[in-house]
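Visitor: Residue numbers (the numbering used here), protein chains in the order written: chain A, 529 to 643; chain B, 1058 to 1169.
Here it is, the structure in full.
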Amino acid sequence: DQQVKQNSPSLSVQEGRISILNCDYTNSMFDYFLWYKKYPAEGPTFLISISSIKDKNEDGRFTVFLNKSAKHLSLHIVPSQPGDSAVYFCGGLIYSGAGSYQLTFGKGTKLSVIP
Amino acid sequence: EAQVTQNPRYLITVTGKKLTVTCSQNMNHEYMSWYRQDPGLGLRQIYYSMNVEVTDKGDVPEGYKVSRKEKRNFPLILESPSPNQTSLYFCASSFGGTYGYTFGSGTRLTVV
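Shown next, in the form of structure tokens:
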């Protein structure tokens, strides 16, 4: 059973416009959510996170919104730039005991920003 | 430079020939993990380790082994590789808790 779902495999956006990447989850026990960006031939890199007790976190052009009642989060990129073209993974962190957390990823969304 | 180093980057092997993919981190992270990335399936966790000598299964552990004898190293072992283990593998480490994870650059494994 997939606990973190990214239902859009791909998204195309014009440069300068807003990119909105969506993520749904089924496990209400997630404590944090993280977004990672992945370029081809590279490992994923951490982008932004949000605590489950918050509804918004902002970092420069990147903002993540969390709607707990809908079990939905979204990553907004404004303005989108060609360098943002990558695969974006949404991940949920859940406490696994002894001070550690488990990270579960969605399948990823490939964002293409068109110049 | 703080990093997670995986070796090799690319590997082609034959069915049944034991192999090890090494992973090393220089950040004194306690938590290390292995993921595989497959088209349409995203990143799936194979094994993780919360500290030295402590390992546990992730979502897809079948056909894999790991060990954590030292804090910095977390090798992934395929005792008898099969073609369905052809994939892109990533090692990741973290201080644990809610800190972001640092990923290695990946190992592309092909089993023929």
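Each residue gets a CB set at the ideal place from its N, CA and C atoms; glycine is no exception.
This structure is a prediction, so every number in the text was calculated from the model and none was measured.
Using the C-alpha atoms, what's the distance from residue 643 of chain A back to residue 1107 of chain B?
Guide: Approximately 43 angstroms between the Cα atoms of the pair.
Visitor: Starting from residue 1162 of chain B and walking both ways along the beta strand (DSSP E), at which residues does that stretch end?
Guide: Residue 1162 of chain B -> no beta strand (DSSP E), and no H or E assigned at all.
Visitor: For residue 612 of chain A, which three-state DSSP category applies?
Guide: Three-state result, residue 612 of chain A: helix.
Visitor: Would the segment 593-605 of chain A and the segment 1062-1076 of chain B be scored as touching if the rule is three or more Cβ pairs under 8 angstroms?
Guide: With the cut-off at 8 angstroms, the segment 593-605 of chain A and the segment 1062-1076 of chain B do not touch.
Visitor: Buried or exposed for residue 1087 of chain B, going by 16 or more other Cβ atoms inside 10 Å?
Guide: Residue 1087 of chain B comes out buried.
Visitor: So the candidates are A/632, A/535, A/614; which of them puts its Cα closest to the Cα of residue 570 of chain A?
Guide: Answer by Cα proximity: A/614.
Visitor: From the DSSP output, in three-state form, read off residue 1102 of chain B for me.
Guide: Note: residue 1102 of chain B maps to strand in three-state DSSP.
Visitor: Once DSSP output is grouped into helix, strand and coil, what is the label at residue 1063 of chain B?
Guide: Three-state result, residue 1063 of chain B: strand.
Visitor: Which residue comes first and which comes last in the beta strand (DSSP E) that contains residue 1088 of chain B?
Guide: Looking at the DSSP string, the run of the beta strand (DSSP E) that includes residue 1088 of chain B is 1088-1095.
Visitor: In the DSSP assignment, what residue or residues form a beta bridge with residue 1071 of chain B?
Guide: DSSP lists no partner for residue 1071 of chain B.
Visitor: Of the residues that make up the segment 1120-1141 of chain B, which ones have a beta carbon closer than 8 angstroms to any beta carbon in chain A?
Guide: Listed by position along the chain: nothing, the set is empty.
Visitor: Closest to residue 530 of chain A by C-alpha separation, out of A/537, A/554, A/546, A/550, would be which residue?
Guide: Comparing Cα-Cα distances from residue 530 of chain A to each of A/537, A/554, A/546, A/550, the minimum goes to A/554.
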